[in-house]
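2 protein chains.
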Amino acid sequence: MRAKITKAAAKKNGIKTKRTISLISDGTVLDHIDPEAVFKIVRILRIDECDDQVTVGNNLKSKYYGRKGIIKVEGVFLTEDDINKVSVISPHVTMNIIKNYEVVKKFKSELPPTIEGIIACNNPNCVTNVEHIRTRFKVAKSEPLALFCTYCERTMHREDIEVRLIRK
Amino acid sequence: MRAKITKAAAKKNGIKTKRTISLISDGTVLDHIDPEAVFKIVRILRIDECDDQVTVGNNLKSKYYGRKGIIKVEGVFLTEDDINKVSVISPHVTMNIIKNYEVVKKFKSELPPTIEGIIACNNPNCVTNVEHIRTRFKVAKSEPLALFCTYCERTMHREDIEVRLIRK
């Protein structure tokens, strides 16, 4: 049973106990994820429904941000659109496409001009909260984030954001 | 950048690329989790809100069940109650309490006699679906699972189970 291995044995076997999540041979690595956003991203990108090998690390040490999350999906190649979609809840995500243990593509998330679905409008009277309508926001400002609801015309800020799972 | 390391370099550094998630020194390891249940358990046990280092693996190879999930939480010691609570959505979970890389306590989840909250009643007319009332089921049978709703007296089976996040 893996966890029975002692630190000494781990060292003897050359296991780097500092390495929290192993390498993947082929697939996608999302790095520098805001710790608050990691498991939301798992749900938004449906990584929780994926049949392929998935590893998620959270609250890992980060040189730049103090703490960060990482998501690795074996055999799945996410797109730039996928990452831009989640940049609204985690601005600094980087995506690495891995083939045979090499990074063949590296991409930094960018806020798209509009955000559809994913997040709810914080105006309880907004039609998107009353009827079954997909939310739609224009990104008015990226830093600090300002999102303009195209339905009720209210402006939301980062602290107002509540993830809504459109798939459910 | 971690993922840039080639397979050769990985071998040279003695990194076991077979080891998906590293050891933890002190904390809790949940093993043999049903792949469908892993991220539900993360939410039920509020591991997604945890500030400590968390690693989650899903669809990992399992000798007994084909595929399995693993959750490791550094510095957090879950209780037998926590694990029994989730046994309704994943029957074979084992919990290992780790101290200084050694398993100091091992526990196999058991279905408790009653299950409160966590799952919804599948009867749309049940009062727990109409008013803000915590669900309560008696475990009538464990294999195959039969849950008796103490409010509407309907019996549910495993395929009827829908996780409800009582915290939200």
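Quick mapping for you: the protein sequence lines, in order, are chains A and B.
Residue numbering for the first sequence follows the numbering used here, beginning at 137 and increasing consecutively.
Residue numbering for the second sequence follows the numbering used here, beginning at 137 and increasing consecutively.
For every residue, glycine included, the Cβ atom is placed at its ideal position computed from N, Cα and C.
In this structure, Asn-258/A keeps its C-beta atom at 7 Å or more from the C-beta atom of Cys-288/A.
For Ile-269/A, no alpha helix (DSSP H) run applies, since DSSP gives it neither H nor E. As the crow flies, the alpha-carbon of Thr-191/B is around 11 Å from that of Val-190/A. In this structure, Glu-216/B sits away from Phe-175/B, with a CB-CB distance that is not shorter than 7 Å. Listed in chain order, the non-local C-beta contacts of Val-240/A below 6 Å within the same chain comprise Ile-233, local neighbours out to five positions each way being set aside. The three-state reading of DSSP puts Asp-184/B in helix, counting H, G and I together.
Around the beta carbon of Val-266/A, fewer than 16 other beta carbons lie within 10 angstroms, which makes this residue exposed. Every unbroken stretch of the alpha helix (DSSP H) spanning 4 or more residues and falling wholly within the region 220-287 of chain B is given here in chain order: 263-266. DSSP, reduced to helix, strand and coil, places Glu-298/B within a strand of the structure shown. Check the Cα spacing between Gly-211/A and each of Lys-221/A, Thr-271/A, Tyr-237/A, Asn-195/A: the tightest is with Tyr-237/A.
Using a 10 angstroms sphere on the CB of Thr-250/A, the tally of other CB atoms stays under 16, which defines it as exposed. Under the three-state reduction of DSSP output, Lys-208/A falls in the strand class.
Boundaries of the beta strand (DSSP E) around Leu-196/A: 190-198. Annotation: His-228/A to Val-222/A spans about 10 Å, alpha carbon to alpha carbon. Judged by DSSP secondary structure, Thr-215/B falls outside any beta strand (DSSP E); it is assigned neither H nor E. Residues are counted here when their Cβ sits less than 7 Å from a Cβ of chain A; for the region 188-220 of chain B these are Asp-188, Gln-189, Val-190, Thr-191, Val-192, Gly-193, Asn-194, Asn-195, Leu-196, given in chain order. Taking 7 Å as the cut-off, the beta carbon of Ser-245/A is found closer than this to the beta carbon of Asn-220/A.
According to the DSSP secondary-structure assignment, His-293/B is paired through a beta bridge with Ala-282/B. Check the Cα spacing between Glu-279/B and each of Gly-202/B, Leu-247/B, Lys-204/B: the tightest is with Leu-247/B. If you check the CB distance, Asp-162/B and Ile-206/B do not come in under 7 Å. Less than 7 Å divides the Cβ of Ala-256/B from the Cβ of Arg-300/B. Spanning the alpha carbons of Ile-225/B and Ala-276/A requires a straight line of approximately 43 Å.
In terms of Cβ geometry, Lys-208/B and Ile-160/B form a close pair [threshold 7 Å].
Distance check between Cys-186/B and each of Ile-180/A, Leu-181/A, Asp-296/A, Asn-194/A places Asn-194/A closest, using alpha-carbon atoms only.
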